[in-house]
Amino acid sequence: MKNSQLYKGSLNTIIMKLLEEKGRMYGYEITQKVKEITKGELNITEGALYPALHKLESEGLLDVEVEKVDNRLRKYYKLTEKGTTETVNRLAELEEFIKNMQTIVNPKLSY
Amino acid sequence: MKLSKENIQSIDNYLKHEGFIYVDIRMEMVDHIANAVEGKMEVESLNFYDAFKSYMISNKKEIMKQNKEHGFYFKEPILNFIKFCFNPFIFLMGVLIFFSMNFLLTKFGIQNIGNSILWVVLVIYLVFGFWHFLLTRKKTYFYVEKNFWILFLFFHITNLFKSNFNSNLQSAIIFNSLTLFLFLTFILFYFSERRKFRINYKHLFE
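This is how it looks when you write it as structure tokens:
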């Protein structure tokens, strides 16, 4: 993942935001979607994505569905009710963080 | 370009050989690699073998991290078990066990009842142990393994403390109630987790 230390803390929120928009997604689809949105700037690695997904699942924020697609099994993730509420909170928290960082990094722009 | 059944089987065999023993974990990695390989075959006009080899050369380290993640995993099943205990039915069962144990130990003595509880615990452990052996003989599922650890932990903790707590009536009531409660709750927890798993992962059993 590019600039891993800066992005790492936001990975769960990124995943939850995408799931909020798309309804349900599978691992590879999430990596490709992030790449597409950021025009290749942000690349989520397998080593970062799956532990994050499994942690969100174990916290009860994500639910899973397994389906047979193209000769193989695919695991889809979707937000639970608790996950949907948590996404709103985490996005608000992230926006607040970005606003504060902007005030510190570029004070002129924040006015 | 979509991969054939044989191609998918090759990826599955490769991961199995690399130590991805759990079917439910491997399944997700097979799909991830298959998607990436299909993409490579299309964009770079490669055949399956070259695309797979090229993908694994650059991503093997990241893929292998998934396997390490599930090597030793106590925290999540224990937390889920604790959450499961916060349920009115389980609480009521705990209260009933406590009062029954109080009555039985007072009436029949620590020796008789304490030993019977240890036998019950041993039978539960052996039955689950045998079942675990049968379930993991051909295919190993992570959900089975992680939940079996809880029983393994309870059994050894019980054995470690049995002589200390069965020395006087008060501590014997608490110890035996707690032991029976944990083992019976484990059975309910195990079947509840199994049911959830079999619903979400029904295609794994087809």
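In the order they appear, the protein sequences are chains A and B. When you line the first sequence up against numbering that gives the first Met the number 0, it's residues 0 to 110, in that order. When you line the second sequence up against numbering that gives the first Met the number 0, it's residues 0 to 205, in that order. Glycine is no exception: its CB is placed at the ideal position from the N, C-alpha and C atoms. All values derive from a computational prediction rather than experimental measurement.
- Across the segment 4–26 of chain B, CB contacts with chain A closer than 7 Å involve K4, I7 and M26, in sequence order along the chain.
- For Y27(A), no beta strand (DSSP E) segment is defined; the enclosing uninterrupted segment is the alpha helix (DSSP H) at G26 to I36.
- L41(A) sits in coil when the DSSP states are folded into three classes, being neither helix nor strand.
- In this structure, DSSP gives L121(B) a helical state, which the three-state scheme calls helix.
- The alpha carbon of L78(A) has as its nearest neighbour, out of K32(A), Q31(A) and K54(A), the alpha carbon of K54(A).
- Against chain B, the CB of E80(A) has no partner CB under 8 Å away; the residue lies outside that interface.
- In this model, W148(B) and F51(B) are separated by some 36 Å (Cα to Cα).
- Around V120(B), the same chain offers F154, T157, T178 and F182 as residues with beta carbons nearer than 7 Å, after the five sequence neighbours per side are excluded.
- At least one C-beta of chain B is nearer than 8 Å to the C-beta of E66(A).
- The residue among N105(A), E85(A) and K74(A) with its C-alpha nearest the C-alpha of M26(B) is K74(A).
- In the structure shown, the three-state DSSP call for E66(A) is strand.
- A straight-line Cα-Cα distance of about 45 Å links I173(B) and I14(A).
- Not a single CB atom of chain A sits nearer than 8 Å to the CB of V143(B).
- Just measuring C-alpha positions, the residue of M28(B), K137(B), L150(B) and F107(B) sitting nearest V126(B) is L150(B).
- Going by C-alpha positions, E144(B) is about 49 Å away from V104(A).
- Per DSSP, the continuous alpha helix (DSSP H) segment holding K161(B) begins and ends at F141 to F164.
- When C-alpha distances from N111(B) are compared across T135(B), L168(B) and G93(B), the shortest belongs to L168(B).
- For K201(B), the three-state secondary structure derived from DSSP is helix.
- Looking at the DSSP output, R193(B) shares a beta bridge with no other residue.
- Judged by pairs of C-beta atoms under 8 Å, the segment 95–113 of chain B does not touch the segment 33–48 of chain B, as fewer than three such pairs exist.
- Residue K64(B) holds the alpha-carbon nearest to the alpha-carbon of Y49(A) among L95(B), K64(B) and H131(B).
- Taking the Cα of M24(A) as reference, the smallest distance to any Cα among V65(A), Y6(A), A47(A) and L5(A) is reached at V65(A).
- The beta-carbon of N163(B) is placed no less than 8 Å from the nearest beta-carbon of chain A.
- Here DSSP, grouped into helix, strand and coil, assigns R89(A) to helix.
- Contact annotation for Y27(A) against chain B: D30, H31, N34 and A35 [CB-CB distance below 8 Å, chain order].
- Taking each of T135(B), Y48(B) and F98(B) in turn and checking the Cα distance to A171(B), the smallest one comes out for F98(B).
- Around the beta-carbon of E85(A), 16 or more other beta-carbon atoms lie within 10 Å, marking it buried.
- When the alpha-carbon of Y6(A) is set against those of T102(A), N99(A) and L93(A), the nearest one is in L93(A).
- Pairing I97(A) with F204(B), the inter-Cα distance amounts to about 46 Å.
- Between E192(B) and N146(B), the C-beta gap is smaller than 8 Å, which places the two residues in contact.
- Within the model, the alpha-carbon separation for F188(B) versus F80(B) is close to 7 Å.
- Here H202(B) is not near K107(A), since their CB atoms are 8 Å or more apart.
- For K74(B), the enclosing alpha helix (DSSP H) starts and ends at K74 to C84.
- Contact between A35(B) and L2(B) is ruled out by a C-beta separation of about 11 Å, above the 8 Å threshold.
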